[in-house]
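J.: Questions regarding the structure given below will be posed in turn.
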Amino acid sequence: MSTLLMNISLFALLVATLLAISRLRALYEATMLTALAGLLSASLFVSMDALDVAITEAAVGSGISTVLFLGVLALTRSREAVTPRRRLWSGAAVAVLLGATLLYAGQDLPPFADPGTPVQTHPVTETYLHDSQKEIGIPNTVTAVLASYRGYDTLGELVVIFTAGVTIPLLLMRTKRRAERSAKRDALLSEYLVLRVASKILLPFVFIFAFYILFHGDYGPGGGFQAGVIFASGFVLYGLVFGVKRVERVMPWPVMLALVPVGVLLYAGVGVLNMALGGSFLDYGTLVPDHPKDGEHYGILLIETGVGITVAAVLIAIFYSFTTRGASR
Amino acid sequence: MTISLILDVVTGALLLGGCVLVISGGVGLLRFPDFYSRTHAASLTDTAGAGLVILGLLLQADGPESVIRLVLIMFFMMLTGPTAAHALAQAARRDGERAVLDGRAAEGPADGPAADGPAADDEGRP
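Listed below in structure tokens is the structure:
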């Protein structure tokens with residue numbers, strides 16, 4: 031009963047937030063509400079027991095993406111341009127058509143919390159939930175599925191992130207740069223003593239939490255992706271308060287660009303190493319021939335680290351390229 | 048027996064105080080006239096209100112794990128809440144947002160901000 035109440039109120043808040051976003055013309059406010067929508071979806075995922083997804087949504091949806099939106103807004107105007115009324119019709123038609131299609135497609139979805147759905151009754155569910163404990167020995171089934179049973183998929187996702195990390199800096203770096211503006215803005219925030227001290231106190235905790243999420247992913251919710259996002263958010267916090275130039279002293283631009291492919295190579299390299307050891311691609315059991323379970327552990331830890339490195343480097347690279355666009359480099 | 052009763056009573060009082068502060072923070076957010084007082088009301092919710100609630104829960108914690116988690120949550124809320132409110136107020140002051148004093152808008156750029164901020168940095172730049 032209380033779960034139902036919680037779901038209903040969270041959904042109501044989510045719908046209200048989305049309606050407010052669609053009505054707002056001031057983009058800063060809309061960005062803040064987007065962060066709120068991310069947080070609400072994260073809460074919904076928690077109430078559905080999908081903790082891994084919840085952490086991702088909280089870190090990405092209400093954390094990093096808000097900062098990136100703000101970075102975009104710093105480059106443009108903060109009010110939406112008003113579309114002439116005659117040009118609204120085509121958009122409205124597309125929206126209505128898309129909504130009708132989605133509603134029609136939604137007829138085929140099983141009811142909310144229906145125990146008879148394919149997700150619940152398919153035999154592979156049983157395999158994942160029970161056999162994974164014997165075969166891989168990791169308490170968190172989500173990590174076992176993502177990193178071991180579906181290692182190919184995760185590698186593919188990592189390549190997608192890698193592509194974004196290569197493309198966005200390429201797109202943004204080739205624009206005209208204005209030297210003055212960014213430097214002045216950088217100097218402003220670090221004048222505030224409270225912000226400086228508070229962010230310096232918070233930073234070590236952010237990094238410790240990132241490493242905790244990374245190394246604890248086998249046992250609890252989390253893993254390389256979430257850890258990478260949290261790690262990057264530490265850099266973003268430092269960059270926001272002290273200016274990107276100070277961050278670049280710790281993590282120079284070339285080093286970071288070099289780190290972007292390192293994670294992908296580490297991931298794929300583990301797979302190739304497995305083939306060299308006589309197994310198939312991403313068959314971690316071959317890493318420790320006598321104890322396949324240990325091999326699985328090490329393999330999963332290695333590829334999660336790879337995921338973390340690439341995700342963190344890509345997000346920091348995107349943050350750099352948004353904030354230093356307009357600065358001289 | 049008596050000790051647990053006392054603990055329960057103290058917990059109840061702390062939770063009640065926290066609830067009062069959270070609700071009054073929400074009311075203030077809706078009713079206060081200007082940006083600065085509304086920021087104050089909002090930050091009341093997540094520092095004093097949440098702080099009292101967590102203190103109340105601390106007295107009912109059933110082991111060191113819960114205690115450590117609650118203390119960590121309280122630590123981070125005490126650190127981030129006031130900092131966020133401070134950053135908001137500073138940004139608003141830099142943007143020239145004026146405080147409403149005694150129910151009417153303050154005249155002149157220096158009235159509101161200068162009353163509470165002796166900092167040197169608000170004189171040079173607008």
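From first to last, the protein sequence lines stand for chains A and B. Under this note's numbering, read the first sequence as residues 31 to 359, first letter to last. Under this note's numbering, read the second sequence as residues 48 to 173, first letter to last. The C-beta atom is built at its ideal place from N, Cα and C for all residues, glycine as well.
Should residue 162 of chain A go down as buried or exposed, given a rule of 16 or more other Cβ atoms within 10 Å for buried?
T.: Looking up residue 162 of chain A in the first sequence gives position 132. Buried is the call here.
J.: Counting pairs of beta carbons, one from the region 123–131 of chain B and one from the region 92–101 of chain B, are three or more of them closer than 8 Å?
T.: yes
J.: Mind listing which residues of the region 132–146 of chain B have their C-beta closer than 7 Å to chain A's C-betas, in chain order?
T.: Cβ contacts with chain A come from 133, 134, 137.
J.: Along chain A, which residues have their Cβ under 8 Å away from the Cβ of residue 77 of chain B?
T.: Reading the second sequence from its first residue, position 30 is the one you call residue 77 of chain B. Residues of chain A passing the Cβ test: none, with the nearest at roughly 16 Å.
J.: Would you grab the beta carbon distance between residue 299 of chain A and residue 340 of chain A for me? Rounded to a whole angstrom, and I think it's under 8 Å.
T.: Residue 299 of chain A sits at position 269 when you count from the first residue of the first sequence. Residue 340 of chain A sits at position 310 when you count from the first residue of the first sequence. Actually they do not touch by this definition, with Cβ atoms about 13 Å apart.
J.: Could you tell me the boundaries of the alpha helix (DSSP H) in which residue 113 of chain B lies?
T.: Sequence index remark: in the second sequence, residue 113 of chain B carries index 66 (1-based). Note, residue 113 of chain B: alpha helix (DSSP H), 111–141.
J.: So the alpha helix (DSSP H) residue 125 of chain A belongs to, where does it begin and stop?
T.: Numbered from 1 along the first sequence, position 95 holds the residue referred to as residue 125 of chain A. Looking at the DSSP string, the run of the alpha helix (DSSP H) that includes residue 125 of chain A is 118–136.
J.: Can you name the residues of chain A whose CB is closer than 8 Å to the CB of residue 126 of chain B?
T.: Reading the second sequence from its first residue, position 79 is the one you call residue 126 of chain B. Chain A residues near residue 126 of chain B: 228, 231, 232.
J.: Give me the chain A residues within the contact set of residue 130 of chain B, using Cβ-Cβ distance strictly less than 7 Å, ordered along the chain.
T.: What you label residue 130 of chain B is simply residue 83 of the second sequence in a count that begins at 1. Under the 7 Å cutoff, chain A gives 224, 225, 228.
J.: What does the alpha-carbon distance come out to for the pair residue 330 of chain A and residue 254 of chain A?
T.: Counted from its first residue, the first sequence places residue 330 of chain A at position 300. Counted from its first residue, the first sequence places residue 254 of chain A at position 224. Cα to Cα, the separation comes out at about 10 Å.
J.: Roughly how many angstroms separate the alpha carbons of residue 68 of chain B and residue 249 of chain A, rounded to a whole number?
T.: Counted from its first residue, the second sequence places residue 68 of chain B at position 21. Counted from its first residue, the first sequence places residue 249 of chain A at position 219. Taking the straight line joining both Cα atoms gives about 38 Å.
J.: Would you report the Cα separation of residue 106 of chain B and residue 81 of chain B, rounded to the nearest angstrom?
T.: Locating residue 106 of chain B in the second sequence gives position 59, counting from the first residue. Locating residue 81 of chain B in the second sequence gives position 34, counting from the first residue. Approximately 37 Å, taken between the alpha carbons.
J.: Once the 5 residues before and after residue 290 of chain A are set aside, which same chain residues still bring their CB inside 7 Å of it?
T.: For this step, residue 290 of chain A is matched to residue 260 along the first sequence. The answer, listed in chain order, is 192, 195, 196, 340, 343, 344, 347.
J.: Assign residue 144 of chain A to buried or exposed, taking buried as 16 or more other Cβ atoms, counted over all protein chains shown, within 10 Å of its Cβ.
T.: The residue given as residue 144 of chain A occupies position 114 in the first sequence. Answer is exposed; the Cβ neighbour count stays below 16.
J.: Give the DSSP bridge partners of residue 109 of chain A, in chain order.
T.: Position 79 of the first sequence, counted from the start, is the residue given in the question as residue 109 of chain A. Its beta-bridge partners are A:56.
J.: Confirm, please, whether the CB-CB distance from residue 69 of chain A to residue 92 of chain A is below 7 Å.
T.: Residue numbering aside, residue 92 of chain A sits at position 62 when the first sequence is read from its first letter. Residue numbering aside, residue 69 of chain A sits at position 39 when the first sequence is read from its first letter. In this structure, residue 69 of chain A lies closer than 7 Å to residue 92 of chain A by Cβ.
J.: Measuring alpha carbon to alpha carbon, tell me which of A:82, A:100, A:110 ends up nearest residue 244 of chain A.
T.: By 1-based counting over the first sequence, the position of residue 244 of chain A is 214. Closest option to residue 244 of chain A, Cα to Cα, is A:82.
J.: Answer yes or no: does any C-beta atom of chain B fall closer than 7 Å to that of residue 216 of chain A?
T.: Within the first sequence, the letter at position 186 stands for residue 216 of chain A. Note that residue 216 of chain A scores 48 on pLDDT, short of 50, meaning its location in the model is unreliable; the coordinates nonetheless yield the value given after this. No, its Cβ sits nowhere closer than 7 Å to a Cβ of chain B.
J.: Tell me whether residue 151 of chain A is buried or exposed, calling it buried when 16 or more other Cβ atoms sit within 10 Å of its Cβ.
T.: Here residue 151 of chain A is taken as the residue at index 121 of the first sequence, counted from 1. Residue 151 of chain A should be labelled exposed.
J.: For the candidate residues A:350, A:301, A:164, A:119, whose alpha-carbon lies nearest to that of residue 276 of chain A?
T.: Start at 1 with the first residue of the first sequence, and residue 276 of chain A comes out as number 246. Looking at the Cα atoms, A:350 is the closest of the given residues.
J.: Thinking C-beta only, is residue 90 of chain B closer than 7 Å to residue 132 of chain B?
T.: As a first step, residue 132 of chain B is located in the second sequence; it is residue number 85 there, counting from the start. As a first step, residue 90 of chain B is located in the second sequence; it is residue number 43 there, counting from the start. Yes, the pair counts as a contact, with Cβ atoms nearer than the cut-off.
J.: Look at the alpha carbon of residue 73 of chain B and the alpha carbon of residue 63 of chain B, and state the distance between them as a whole number of angstroms.
T.: Taking the first residue of the second sequence as position 1, residue 73 of chain B is located at position 26. Taking the first residue of the second sequence as position 1, residue 63 of chain B is located at position 16. Rounded to whole angstroms, residue 73 of chain B to residue 63 of chain B spans 15 Å at the Cα level.
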